[in-house]
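Engineer: Provided herewith is a single structure, encoded as C-alpha cells, for subsequent inquiry.
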Amino acid sequence: MELDYARIDPELSPLLDVFPPLEVSREGLAEVREVIAQSRDVVKPDGLIEDIRTLKTEEAEVPLYVYRKSHRANQPALLWIHGGGYVMGSPEDQRAIDFAVEGDITVVSVDYRLAPEHPFPAGLNDCYAALGWMIDNAEELGIDPNRLAIGGASAGGGLAAGLALKNRAEANHPLCFQLLLYPMIDNLHNTESGQITNHPIWTRASSFNAWEMYLDGEPGADASPYAAASRADNLSGLPPAYICVGVEDLFRDEDIDYAKRLMAAAVPCELAIFPGVFHAAEVFLPDTVISRRMNRSISRALFDALA
Numbered sequence: 001m002e003l004d005y006a007r008i009d010p011e012l013s014p015l016l017d018v019f020p021p022l023e024v025s026r027e028g029l030a031e032v033r034e035v036i037a038q039s040r041d042v043v044k045p046d047g048l049i050e051d052i053r054t055l056k057t058e059e060a061e062v063p064l065y066v067y068r069k070s071h072r073a074n075q076p077a078l079l080w081i082h083g084g085g086y087v088m089g090s091p092e093d094q095r096a097i098d099f100a101v102e103g104d105i106t107v108v109s110v111d112y113r114l115a116p117e118h119p120f121p122a123g124l125n126d127c128y129a130a131l132g133w134m135i136d137n138a139e140e141l142g143i144d145p146n147r148l149a150i151g152g153a154s155a156g157g158g159l160a161a162g163l164a165l166k167n168r169a170e171a172n173h174p175l176c177f178q179l180l181l182y183p184m185i186d187n188l189h190n191t192e193s194g195q196i197t198n199h200p201i202w203t204r205a206s207s208f209n210a211w212e213m214y215l216d217g218e219p220g221a222d223a224s225p226y227a228a229a230s231r232a233d234n235l236s237g238l239p240p241a242y243i244c245v246g247v248e249d250l251f252r253d254e255d256i257d258y259a260k261r262l263m264a265a266a267v268p269c270e271l272a273i274f275p276g277v278f279h280a281a282e283v284f285l286p287d288t289v290i291s292r293r294m295n296r297s298i299s300r301a302l303f304d305a306l307a
C-alpha cells in the first residue's frame with residue numbers, strides 16, 4: 001500500500017521537497033545520525049537553568065540534562081525521553097526545554113544508551129534508573145514526587161510506555177501521567193497504517209530496521225512488552241495517559257489501538273488525532289496552523305496533569 005501525498009496538510013507538504021524519508025539501516029546508521037545531528041537546532045532561551053548530572057548505575061554512566069525556569073520549591077517534574085527510533089537522537093531536545101520554560105517545571109531529559117551498540121533493555125534500564133534517581137533526590141531537586149510525569153516522542157514515547165509497565169511491575173512509583181507522543185510501540189506494524197510503505201520521514205522499512213537493531217533480532221510477537229508496549233496483555237493500573245498521532249503517520253493505528261486498550265482497562269486516556277500530519281511534522285514545521293494546534297494540545301495535557 002502507498003500513501004496518497006495529497007492527503008498531507010498543504011502547509012506541511014513543502015518539507016517533503018527538502019527532507020526525504022530517512023533510510024535507517026545498520027549499514028547506513030552512522031550517516032543518518034550525522035544528518036540528524038546537523039539538522040538539530042536547539043534554542044535555549046534567556047533565563048533557562050541547565051544542569052547536567054551523571055547518574056552512575058551498575059551498567060553505565062547516564063547523563064541527565066536538568067532543565068528549569070526557576071528555583072521555586074516543590075515543582076512538578078517530567079522525565080523526558082527523546083525520540084530517534086531507539087538508534088539516534090539527543091537529550092538536548094527542544095521540547096524538553098520548552099516544557100520547562102513554558103510550564104515552569106523541572107524537566108529531566110535522559111541520555112539513554114542507543115541501539116544497536118546497546119540493544120534492549122539498556123535504554124529502558126537507563127530511563128528506569130533516571131526515574132528512581134528523581135524520586136530519591138526529589139528534595140534536593142526541589143520537585144514534588146507526587147506530581148511526576150513521564151513522557152517522550154516516537155521511540156521516546158515507546159520507552160515511556162515501556163517504563164510505565166516496568167514501573168508498575170517493580171517499584172510502582174506513584175506516577176501521575178504518561179505523555180505519549182506518536183509512540184513507537186509495535187514491532188509488528190500489523191495494522192492498516194502499518195502496511196503503507198511510503199510514509200514521509202519515517203517509513204515502514206526504516207522502522208522495521210530500527211526495531212531489529214533495538215531488539216537485537218526479530219522476536220516477533222514474543223518481543224518483551226517493556227520493549228514494544230503493544231505486546232502487553234494487561235494495561236490496568238497504569239498512569240493516566242495522553243496519546244497523540246497524525247493521520248498520516250505509520251504509527252497511527254497502533255497508537256489508536258493502544259489508547260483504546262488503555263480505556264478498556266479503566267486507565268484515563270486522552271487520544272488526539274491530527275489530520276494531514278505525518279511523523280514529527282509539528283517539530284519540523286512548528287508554525288503551521290495544524291502544528292500550533294497539536295503543540296497546544298500536547299502542552300495543555302501535560303500542564304493540566306501536573307497542576
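In my numbering, the protein residues as written are 1 to 307.
Even for Gly, the Cβ is constructed at its ideal location relative to N, Cα and C.
On a predicted model such as this, the values are computed, not experimentally measured, just so you know.
1) Straight-line CA distance for S154 to P10?
2) Report yes if the C-beta distance between A73 and G132 is below 8 angstroms; otherwise report no.
3) What does the alpha-carbon distance come out to for the pair I329 and V35?
4) Would the beta-carbon of I135 fall within 8 angstroms of that of H189?
5) Consult DSSP for I290 and reduce its assignment to one of helix, strand or coil.
6) For V62, does the three-state DSSP call read helix, strand or coil?
7) Here's the rule: buried if 16 or more other CB atoms are within 10 angstroms of the residue's CB, otherwise exposed. What is G83?
8) Inspect the beta-carbon positions of M88 and R33 and report whether they are closer than 8 angstroms.
9) If you measure between the beta carbons of R252 and S193, is that distance less than 8 angstroms?
10) In the structure shown, what three-state DSSP assignment does L98 receive?
11) Using the three-state DSSP reduction, which class does C244 fall into: helix, strand or coil?
12) Return the Cβ separation of S299 and A272 in integer angstroms, given the expectation that the two are a contact with Cβ distance under 8 angstroms.
13) Hey, would you say I150 sits closer than 8 angstroms to L124, going by beta carbons?
14) Between the Cα of I81 and those of V107, L250, V277, R68, spot the shortest distance and give me the residue it belongs to.
15) Considering only the beta carbon of each residue, do L262 and L238 sit closer than 8 angstroms?
16) Report the partner residues of F274 according to the DSSP bridge assignment.
17) If you count every other CB in all the chains shown that lies within 10 Å of the CB of Y339, and 16 or more means buried, which is it?
18) Output the distance between the C-alpha atoms of I52 and D46, rounded to the nearest integer angstrom.
19) I'd like the span of the alpha helix (DSSP H) that includes D136, first residue to last.
20) Would you be able to state if there are at least three C-beta pairs under 8 angstroms between the segment 11-24 and the segment 275-295?
21) Between the segment 115-124 and the segment 220-236, do at least 3 Cβ pairs fall closer than 8 angstroms?
22) Per DSSP, what kind of secondary structure is W202 in: helix, strand or coil?
23) Please report how far the alpha carbon of V62 lies from the alpha carbon of I143, in whole angstroms.
24) Using a Cβ cut-off of 8 angstroms (strictly closer), state whether N190 contacts chain C.
25) Using the C-alpha atoms, what's the distance from E50 back to V66?
26) Below 8 angstroms CB to CB, which residues in the same chain sit around H71 once its five sequence neighbours on both sides are set aside?
27) Does the separation of the CB atoms of P275 and V245 fall below 8 angstroms?
28) For A164, tell me which candidate among L235, Q38, L250, L306 has the shortest Cα-Cα distance.
29) Quick one: Cα of D17 to Cα of D41, how far?
Structural biologist: Once the coordinates are examined:
1) By 1-based counting over the sequence shown, the position of residue 154 is 154. By 1-based counting over the sequence shown, the position of residue 10 is 10. Their backbone Cα atoms lie some 23 angstroms apart in a straight line.
2) By 1-based counting over the sequence shown, the position of residue 73 is 73. By 1-based counting over the sequence shown, the position of residue 132 is 132. No, Cβ-Cβ distance for A73 and G132 is not below 8 angstroms.
3) Given that the chain is displayed from residue 1 to residue 307, the structure contains no residue 329 and the question cannot be resolved.
4) Residue 135 sits at position 135 when you count from the first residue of the sequence shown. Residue 189 sits at position 189 when you count from the first residue of the sequence shown. Going by C-beta atoms, I135 is not nearer than 8 angstroms to H189.
5) Walking along the sequence shown from the start, residue 290 turns up at place 290. It is helical.
6) Residue numbering aside, residue 62 sits at position 62 when the sequence shown is read from its first letter. Here V62 sits in strand by DSSP.
7) Numbered from 1 along the sequence shown, position 83 holds the residue referred to as residue 83. By the neighbour-count rule (16 or more Cβ atoms within 10 Å), G83 is buried.
8) Taking the first residue of the sequence shown as position 1, residue 88 is located at position 88. Taking the first residue of the sequence shown as position 1, residue 33 is located at position 33. Yes, these two residues count as a Cβ contact at 8 angstroms.
9) Here residue 252 refers to the residue found at position 252 of the sequence shown. Here residue 193 refers to the residue found at position 193 of the sequence shown. Their beta carbons are under 8 angstroms apart, which means R252 touches S193 by this criterion.
10) Numbered from its first residue, the sequence shown carries residue 98 at position 98. A small correction: the amino acid at residue 98 is Asp; Leu does not occupy that position in the sequence shown. Helix, per DSSP.
11) As a first step, residue 244 must be located in the sequence shown, where it is residue number 244. The answer is strand: DSSP assigns C244 an E or B state.
12) Walking along the sequence shown from the start, residue 299 turns up at place 299. Walking along the sequence shown from the start, residue 272 turns up at place 272. Between A272 and S299 the Cβ distance is about 12 angstroms, and since that is not below 8 angstroms, they are no contact.
13) The sequence position of residue 150 within the sequence shown is 150, counting from 1. The sequence position of residue 124 within the sequence shown is 124, counting from 1. Not a contact, by the Cβ cut-off of 8 angstroms.
14) Sequence index remark: in the sequence shown, residue 81 carries index 81 (1-based). It is V107.
15) Taking the first residue of the sequence shown as position 1, residue 262 is located at position 262. Taking the first residue of the sequence shown as position 1, residue 238 is located at position 238. Yes, these two residues count as a Cβ contact at 8 angstroms.
16) Position 274 of the sequence shown holds residue 274. According to DSSP, F274 bridges with G246.
17) In this structure the chain extends from 1 to 307, so residue 339 is not present and cannot be described.
18) For the purposes of this step, residue 52 is taken as the residue at position 52 of the sequence shown. For the purposes of this step, residue 46 is taken as the residue at position 46 of the sequence shown. Computed Cα separation, rounded: 17 angstroms.
19) Taking the first residue of the sequence shown as 1, we reach residue 136 at position 136. Run containing D136: 122-136, per the alpha helix (DSSP H) assignment.
20) yes
21) yes
22) Translated into positions along the sequence shown, residue 202 becomes position 202. W202: coil per DSSP, three-state reduction.
23) By one-based count along the sequence shown, residue 62 stands at place 62. By one-based count along the sequence shown, residue 143 stands at place 143. The alpha-carbon atoms of V62 and I143 are separated by roughly 20 angstroms.
24) Looking at the structure shown, chain C is missing, and only one protein chain is on hand.
25) Here residue 66 is taken as the residue at index 66 of the sequence shown, counted from 1. Here residue 50 is taken as the residue at index 50 of the sequence shown, counted from 1. C-alpha separation (whole angstroms): 6 angstroms.
26) Residue numbering aside, residue 71 sits at position 71 when the sequence shown is read from its first letter. Counting only Cβ-Cβ distances below 8 angstroms, and skipping sequence neighbours, we find I49, G142.
27) As a working mapping, residue 275 is identified with position 275 in the sequence shown. As a working mapping, residue 245 is identified with position 245 in the sequence shown. Their beta carbons are not under 8 angstroms apart, which means P275 does not touch V245 by this criterion.
28) Here residue 164 refers to the residue found at position 164 when the sequence shown is read from its first residue. It is L235.
29) Mapped onto the sequence shown, residue 17 falls at position 17. Mapped onto the sequence shown, residue 41 falls at position 41. Going from the Cα of D17 to the Cα of D41 covers about 20 angstroms.
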